[in-house]
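Here the structure comes first, spelled out in structure tokens, and everything after it is commentary.
Protein chains: 4
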Amino acid sequence: MKFNIIRCARAVLRVTDLNASRDFYERALGFVVTEADNNHLYLRGLEEYHHHSLLLKKAEQPSVEVISYKVHSEEDLEALYHFFRQKQLNPKWIEEGQQHAIGRAFRVQDISGLPLEFFVKMDTVERLLQRYDLYRGARVQRIDHFNCMVTDVQKAYDFYVKELGFACSEYTETEDKQLWAAWLHRKPNVHDVAFMNGKGPRLHHIGFWLSDQLSLIHACDVLASMGYASSIERGPGRHGLSNAFFLYLRDPDGHRIELYTGDYLTSDPDFQPIRWDINDPRRQTFWGHQAPDSWFEEASIVLDVHDDKTVEVKEPTLQKMKPTFII
Amino acid sequence: MKFNIIRCARAVLRVTDLNASRDFYERALGFVVTEADNNHLYLRGLEEYHHHSLLLKKAEQPSVEVISYKVHSEEDLEALYHFFRQKQLNPKWIEEGQQHAIGRAFRVQDISGLPLEFFVKMDTVERLLQRYDLYRGARVQRIDHFNCMVTDVQKAYDFYVKELGFACSEYTETEDKQLWAAWLHRKPNVHDVAFMNGKGPRLHHIGFWLSDQLSLIHACDVLASMGYASSIERGPGRHGLSNAFFLYLRDPDGHRIELYTGDYLTSDPDFQPIRWDINDPRRQTFWGHQAPDSWFEEASIVLDVHDDKTVEVKEPTLQKMKPTFII
Amino acid sequence: MKFNIIRCARAVLRVTDLNASRDFYERALGFVVTEADNNHLYLRGLEEYHHHSLLLKKAEQPSVEVISYKVHSEEDLEALYHFFRQKQLNPKWIEEGQQHAIGRAFRVQDISGLPLEFFVKMDTVERLLQRYDLYRGARVQRIDHFNCMVTDVQKAYDFYVKELGFACSEYTETEDKQLWAAWLHRKPNVHDVAFMNGKGPRLHHIGFWLSDQLSLIHACDVLASMGYASSIERGPGRHGLSNAFFLYLRDPDGHRIELYTGDYLTSDPDFQPIRWDINDPRRQTFWGHQAPDSWFEEASIVLDVHDDKTVEVKEPTLQKMKPTFII
Amino acid sequence: MKFNIIRCARAVLRVTDLNASRDFYERALGFVVTEADNNHLYLRGLEEYHHHSLLLKKAEQPSVEVISYKVHSEEDLEALYHFFRQKQLNPKWIEEGQQHAIGRAFRVQDISGLPLEFFVKMDTVERLLQRYDLYRGARVQRIDHFNCMVTDVQKAYDFYVKELGFACSEYTETEDKQLWAAWLHRKPNVHDVAFMNGKGPRLHHIGFWLSDQLSLIHACDVLASMGYASSIERGPGRHGLSNAFFLYLRDPDGHRIELYTGDYLTSDPDFQPIRWDINDPRRQTFWGHQAPDSWFEEASIVLDVHDDKTVEVKEPTLQKMKPTFII
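Protein chains in written order, with my numbering: chain A, 257 to 583; chain B, 257 to 583; chain C, 257 to 583; chain D, 257 to 583.
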């Protein structure tokens, strides 16, 4: 590969009430607040020594400013930048010093219209993995993946796998062999990013890794005791696809967060991607539970990296389906 | 109290296919099979040294033959028998030797029409609590409680609390202070029996105790991997009422089983029963999840202890309600 | 039985530094502080609605003022008082108002010299069982048992079983059939009190119930991260005897606390006490781990209920043994 | 890097009694038996789709035939072979067909005298990750790492890091800044291989990954119930170094197995290796527990890849130390 993308690394979300967000992310979910001011909340998981993996910015409307990947070296970053230029996707440098805590980066709208960012360096802070006395709520460990709704999954798949060097771990096909959804990774677990067929481009959710299942159960209890029962959208359950134990939450602005633990190692180049039929009832929830309609319909709008305007949401290429069991 | 009932002790269920039942209870849920023949399957939990806590009998139609309580002494048993005679409820002795593995017992239709049995002695067998090498599936530990749908909860409550000496741990009231459901115990945890307003008399479910939450999660995984995903009716979740972590299953005949763990000690006579409003969303599932319609509507029919015929199901006294959140 | 003792209910310990105690019990172990002043710290578990189950009093030297049982009614309390008088054990009333938060009580040195207290009423407070947002550390749920070293276990056994109405769940015998240790209960789990052969009378430890094994593992992590690694004396492990998952800690004054979860129901009068051979390696720790010497040798001294002086510690009747595996 | 080693992949151990081994690995630990004959036992974890990760061969004496790494491509394998030749370490090809289930490989004694193997291809089999009905014992998921005792850790470190392209996650230094132990990885968790100062070359243990802490606790219970309590050498506990929850076992031939779960992601090139002082009591067991002498002294002897003879064990370069807390 010409460029070495390491992993999904941070998301920048716009939210309307930072106090509400802080209560939700810090007190209920157990994120660590690295820094906060009137307009920013920098959050990280307990094992993260990078400054943040989730940056919330105060805004009038909730939206997704960017989802961001860490790249191996400055040379990789340059090469990636030139790749996007060559693809005429119009990448845009953000020089060091322009963003708090991270080095030189560039942003670009990807082939599906999703706002991406790539960077090499971020300030480091103390890792709190063994400060068990500070653990609370879901005990969030680290960022794990992005899940995006796009109008053409096959196109996104081709771009990420053939051009950017992602590998596919699992995928869903329709009855007529159309690619409905795909789970793609750079770091060797199930995904750094997944694409699902739907109105897009939108961010469906950000997944955060937990150390174990009981932290996830405890998160439900804590959320309910704090009055956040209605924030629990789906789960807890076991995914058939990925085998992870999961919980989907909606933050105070409606951004969807997945608590996620227990997938598997995908380090080997001879790993054969696992195919799921779109109608397999165990694909979504191995135990057979159906997801609520909101989980299929709702997702976060994304912004244009150049003009900061909302990117128009379009109908998907494949006809929207939601038979008995569908992503 | 004139008679000392110790605890809920066994249920006798009629089922249509003992092989299907055995696969479900033994392989998927981890019950121990004490004995089995062409017409009977005697099951117990891992900590139980009594011969069985669940007896399945082959029959044409699924039904509940009896739910059964262990009584402290023969004197208590005699006194209870005479109490029921005095109440003109027509109890019926079953002498020792007439039932396999248990001593002298009597059966009677209670004030709600539920088929009860009381006994003192049951054969004992090896307790397998520390045979961890035999643990499988849900690792069921012991029987915990019966939950019954009756047409008049207040009447059942009065009978069990004032006459039989049960104590109330928690209860649900309607907006106009009618008793909608009640959790009653003899052994000091939340219940040996619960009564819910509904078409009755019917057995809603039998609860079995697990040692921990992860055994319950594992049970879901095992059930799904064996093709029993559709047997998972509700949960896993946390009850507001009782605080237990729960899972509701339907066995191959539709009998409902609850896997249950983590309620609390109710040993003290000054414990004040906890009141829940019927519309409190956290009452059923603390996390806010709604139960499916089947959970409200369906339950097992019961038999008459004298003629073995199905007891007629009647409409409840309180108007059937299922607002946003209802038992 | 002439008197109905319900359960072990509270301990009153003397400690030298209430700030150190509070840090240990509240922050590391997750006890709830009901009240505190310069000389007292009132602690309870998350499911307890009684004012406290552990009272720490500031003193020059660590010691045990009293271990205390809740009794069913004032009539039971009177009858118990007269029983002890009749035994010439010189019980002493403490009238309501003389102790904060509890009603009329009496204290007495038992047959082994242990300082006991019996009471009926204690002030009630809000139960925090479902305030999961307040859970921390070991998430202590409730008091479970006392474990005492006495010089003559057979004598203590006879007194508690034959006179006070306790039942025996498990016991340890020497090779020559001498009773080495016994686990006795009123509430139906393995014990409210255990007696072990040793220098006595001394309090070996107080057991507190946790909801699950992972809370206990997390407690180890939290203790270590707060600098309390040296407070972990033994475990985590599985007891052969009782089947409980356990951890032994030493508080800042050396009082020993057991975190304990997962024993079994002992409600039935026909339960046959389980016999363990003193040399069975799985008795103490089912996994075969040996306990450290301190666990055998050290225990808290107790006070005289009349003169507040230390009760003299005497050599045990049975010769002290610690072969490969011994309590 | 000139060659891309993916991860530690299998070990070939010699054992004296395959029936005893099978009982231990399959029934107690929950390994899957892919194939077995009179002289071989091929074992894998529940998520592994490669034919085996542990091959046991019947022999007169227990020993380690080889520890083996999976390499990205045939080109990488060739390049590695030539690298070892150039280093005059005398690698030896084993052509496809000579070993069951794996493709062309080469073997070589590394710089410390450890018998290594490198290969690209192994036969694939059904992954049983979601066959929860087959889970038993420790529910072993996959191979995680090798831990080796070598006489010169600095030399091994330099060879693996500078020549083979491993990265260091954590290390232990003596007071005078000598490298005492190092944890090195190719896949991005804490290690594929660790080197500890000691008599060598010897294999100290093989680590296998579990999905969660309670599977490890359950493993202790199952081992004890099957009579394997004496196989539990150390733990369960939390490592300070790596943060993993661990258990050390000795198999029927004395080979040491670690059950291991819960370390962290080490994907980033800017990750700074964590330094531990050899005398830090939390390094080995975060909770402060000491390891038994056997853990420091005993390890498996290794064979020469050319003549199949035992490789002579030599004294370490750094003086053997075992103060209060030492690896």
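Cβ atoms here follow ideal geometry from the backbone N, Cα and C, with glycine treated the same way. Note that the coordinates shown come from a computational prediction; the quantities given were computed from them, not determined experimentally.
When the Cα atoms are used, residue 318 of chain C and residue 350 of chain C turn out to be separated by approximately 23 Å. In chain order, 288, 290, 308, 309 place their CB closer than 6 Å to the CB of residue 300 of chain B, counting only its own chain and leaving out the 5 sequence neighbours on each side. Cβ-Cβ distances below 8 Å link residue 476 of chain C to 488, 492, 503 in the same chain, with the five nearest sequence neighbours on each side left out; the list follows chain order. Ranked by how close their Cα comes to the Cα of residue 455 of chain C, the residues C:558, C:279, C:514 have C:558 in first place. Annotation: the continuous alpha helix (DSSP H) that includes residue 275 of chain A extends over 274-278.
Collapsing the DSSP output to three states places residue 538 of chain B in a helix.
Any Cβ of chain A closer than 7 Å to the Cβ of residue 468 of chain D would place that residue at the interface, and such an atom is present. Taking 7 Å as the cut-off, the Cβ atoms of residue 484 of chain A and residue 276 of chain A do not count as close. Residue-level contact check: residue 550 of chain A does not touch chain D, since none of the beta carbons of chain D fall below 7 Å from its beta carbon.
Taken in chain order, the complete beta strand (DSSP E) segments of 3 residues or longer contained in the region 278-356 of chain D are 288-292, 296-300, 310-314, 319-327, 348-350. By the criterion of a C-beta distance shorter than 8 Å, residue 440 of chain A is surrounded in its chain by 413, 416, 417, 422, 423, 424, 425, 447, 448, 449, 450, 451, once the five residues flanking it on both sides are discounted. Selection A:509, A:378, A:535 evaluated against residue 315 of chain A yields A:509 as nearest (Cα-Cα). Scanning its chain for C-beta atoms nearer than 8 Å, with the 5 sequence neighbours on each side dropped, one finds around residue 538 of chain A the residues 496, 544, in chain order. Separation of the CB atoms of residue 520 of chain B and residue 470 of chain C is rounded to 18 Å, and the pair is thereby denied contact status at 8 Å. Short of 6 Å from the beta carbon of residue 443 of chain A, and not among the five residues preceding or following it, lie these beta carbons of its own chain, in chain order: 263.
Residues of chain C whose Cβ lies closer than 7 Å to the Cβ of residue 482 of chain A are, in chain order, 389. In this structure, residue 515 of chain D places its C-beta atom within 7 Å of the C-beta atom of residue 472 of chain D. Distance check between residue 363 of chain B and each of B:379, B:378, B:357, B:341 places B:341 closest, using alpha-carbon atoms only. Looking at the backbone, the Cα of residue 427 of chain C and that of residue 332 of chain B are separated by about 29 Å. Setting aside the 5 residues that flank it on each side, residue 366 of chain C is surrounded in the same chain by 372, each with a C-beta closer than 6 Å to its C-beta; the list follows chain order. Distances from the CA of residue 304 of chain B to each of B:380, B:281, B:392, B:431 were compared; the closest alpha carbon is that of B:380. Under a criterion of Cβ atoms nearer than 9 Å, the residues of chain C adjacent to residue 443 of chain B are, in order, 444, 521, 523. Within the region 382-406 of chain B, the complete beta strand (DSSP E) segments of 3 residues or longer fall at 398-406, listed in chain order. The criterion of a C-beta distance shorter than 7 Å is not satisfied by residue 265 of chain C and residue 313 of chain C. Contact between residue 480 of chain A and residue 542 of chain B holds, with the beta-carbon distance rounding to 5 Å and staying under 8 Å. Judged by DSSP secondary structure, residue 552 of chain C falls outside any beta strand (DSSP E) and instead within the alpha helix (DSSP H) spanning 549-553. Within 10 angstroms of the beta-carbon of residue 548 of chain A lie fewer than 16 other beta-carbons, which makes it exposed. When only Cα atoms are considered, residue 534 of chain B and residue 505 of chain B end up about 24 Å apart. Residue 269 of chain D is classed as buried because its beta carbon has at least 16 other beta carbons within 10 Å across all chains shown. Residues of chain A whose Cβ lies closer than 9 Å to the Cβ of residue 303 of chain D are, in chain order, 499, 520, 521. Under the 7 Å criterion on CB atoms, residue 399 of chain B is classed as non-interfacial with respect to chain C. Residues of the region 296-328 of chain A that bring their beta carbon within less than 7 Å of a beta carbon in chain D comprise 303, 326, 328, in sequence order.
Taken in chain order, the members of the region 522-548 of chain C whose beta-carbon sits within less than 9 Å of a beta-carbon on chain B are 523, 524, 525, 526, 527, 528, 530, 538, 542. For residue 320 of chain A and residue 297 of chain D, the gap between their C-alpha atoms comes out near 53 Å. Residue range 361-365 is occupied by the beta strand (DSSP E) that includes residue 365 of chain B. Contact of residue 262 of chain A with chain D by beta-carbon distance below 7 Å involves 523, 524.
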